[in-house]
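Reading through the structure tokens given below for one structure.
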Amino acid sequence: MSRPFPCACPNNWLGTASFRPALAGGERGPRPACRCCHPRYGKEKTVTNPTSSATPIPIVDTHQHLWDLRRFRLPWLQDVPQLDRSFLAEDYRQATAGLNVVKSIYMEVDLDPAQQVEEAEYVIDLCTRGDSSMVAAVIAGRPASPVFKTYISRFAGVPYVKGVRQVLHVATTPPGYCLDPQFVRGIQLLGELGMSFDLCMRSPELQDGVQLVDACPHTRFILDHCGNASVQAPDLSQWQKDIAALAARQNVVCKVSGIVASAKPGVWRPADLEPIVKHVLREFGPDRVLFGGDWPVCTLTATYRQWVEALWWIVRDLGPADQRQLFHDNAVRFYGLE
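The numbers in the numbering used here rise by one with no breaks, and the one at position 264 of the sequence shown is 264.
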């Protein structure tokens, strides 16, 4: 079933539709209000909505944040006032309502490193309760730390803990940081323990990621946020080459997440995100891409629903099986979910 956007076009994503005057017989009908849908410029467009079918595509969200500021300290929030409040499980339920999110994977939130153990224990408890969509977690860690082996070993036998992330696009991690021998050894250890590592780094430093992957052939990597390409970047040519290089490494998958946060607030369109998503799909193929909501960070520019529906529009030409792989099956297989 096809579902029109407000003006029957995703390019009027945040706008409003105008309406035709009453027709003969008293009927009224929607008229495209945006440039690309106006009869002068082109035909009305619709988007295939997987959840409108009799068998809606379930979603596994591989990038769900939560933070409770009553118990955790997130220093970076002082620079992002829009997010400087608690975001809890009930907020996530409300944000995802009606979208058939059947499972979600917690993603660490770059909190005060002194609270990493507490954060891990907190999310493990949330996973064990069974009263939310959260079924697994990628926890924080500092692979270059001399105590990383002791830290991560305590969680190695916990089935809910699937991997580790350290954000690499902050001031304390300069270019080349992930190539430090101690860091590399920490990532190799993750592979030995059957855990993955999320690559979340500056787009110009993706070649560092390529070298890290080559140094750790037995560790599985997830490239977060399509390699952090900016939707507003004037030139994506180097990013395209780096994505191709990472995709050539078979122990890397790519998370289609996060990019909407780099779009221009209030005026972005799904078509603005399309070149990045399409390039990732082309290079990694349908069986090595994962959907991620990146909530609540996505709310800097879009609601959760707007991000999901934008992605539905972008992948409208994919077959049902490939759409299901992106939104569900690949995550189940990669993370070993039941």
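Don't be surprised by glycine CBs; every beta carbon is placed ideally from N, CA and C. None of the values given here were measured: they were computed from a predicted structure.
Simplified DSSP state of residue i, which is helix, strand or coil
i: G29; result: Here G29 scores only 35 on pLDDT, less than 50, and its place in the model should not be relied on; the value that follows carries that caveat. Here G29 sits in coil by DSSP.
i: S196; result: strand
i: H63; result: strand
i: G209; result: helix
i: I314; result: helix
i: W268; result: coil
i: S104; result: strand
i: P159; result: coil
i: C34; result: Its pLDDT being 44, under 50, C34 is placed unreliably in this model, and the value from its coordinates should be taken loosely. In this structure, C34 counts as coil in the three-state DSSP scheme.
i: L273; result: helix
i: R220; result: strand
i: L363; result: The question about residue 363 has no answer here: the residues shown for the chain are numbered 1 through 338.
i: F87; result: strand
i: V109; result: coil
i: V332; result: helix
i: V147; result: coil
Residue i vs residue j beta-carbon contact at 9 Å
i: S257; j: D287; result: no
i: A137; j: K103; result: no
i: D289; j: V60; result: First, the residue type needs correcting, since residue 289 is Val and not Asp in the sequence shown. Against a cut-off of 9 Å, the Cβ pair of V60 and V289 comes out as no contact.
i: L126; j: W67; result: no
i: A248; j: W239; result: no
i: L193; j: G209; result: no
i: F72; j: E119; result: yes
i: I314; j: V267; result: no
i: I57; j: F327; result: yes
i: A95; j: Y304; result: yes
i: C178; j: M201; result: yes
Contact test: residue i Cβ vs the ligand HEM heavy atom, cutoff 8 Å
i: A95; result: Only the bare structure without any ligand can be found here, which leaves the ligand HEM out of the picture.
Residues of its chain near residue i, where Cβ-Cβ distance is below 8 Å and the 5 sequence neighbours each way are ignored
i: Q82; result: T299, L300
i: H65; result: F87, Y106, M107, V109, D294, W295, P296, V297
i: P113; result: A140, R142
i: L337; result: V60, K103, V135, A136, A331
i: W76; result: D110, V170
Bridge-paired residues (DSSP) for residue i
i: R165; result: A140, D198
i: W295; result: Q64
i: V256; result: F291
Cβ neighbours of residue i in the same chain (closer than 6 Å, five flanking residues each side left out)
i: C254; result: L223, V280, F284, V289
i: V260; result: C298, T301, A302, W307
i: H218; result: G191
i: S230; result: S262
i: P175; result: E205
i: V184; result: A215
i: Q116; result: A140
i: L318; result: none
Cβ-based neighbour list, residue i, same chain, cut-off 7 Å, excluding 5 preceding and 5 following
i: V252; result: V213, F221, L223, L246
i: A149; result: The sequence given here places Lys at residue 149; Ala does not occur at that position. Taken in chain order, the residues that qualify are L189.
i: F155; result: A120, I139, V161
i: Y335; result: I105, A136, K162
i: D329; result: none
Next item on the list: Take every Cβ of the segment 135 to 144, pair it with every Cβ of the segment 181 to 191, and state whether three or more of those distances are shorter than 8 Å.
Entry: yes
Note to self: Under 8 Å, with one C-beta from each stretch per pair, do the segment 209 to 219 and the segment 267 to 275 reach the 3-pair mark?
What the structure shows: no
Notebook entry, point to check: Per the contact definition of three or more C-beta pairs closer than 8 Å, is the segment 241 to 250 in contact with the segment 292 to 300?
Noted result: no
Next item on the list: Check whether the segment 88 to 107 touches the segment 301 to 310, counting contact only when three or more Cβ pairs, one atom from each stretch, lie closer than 8 Å.
Entry: yes
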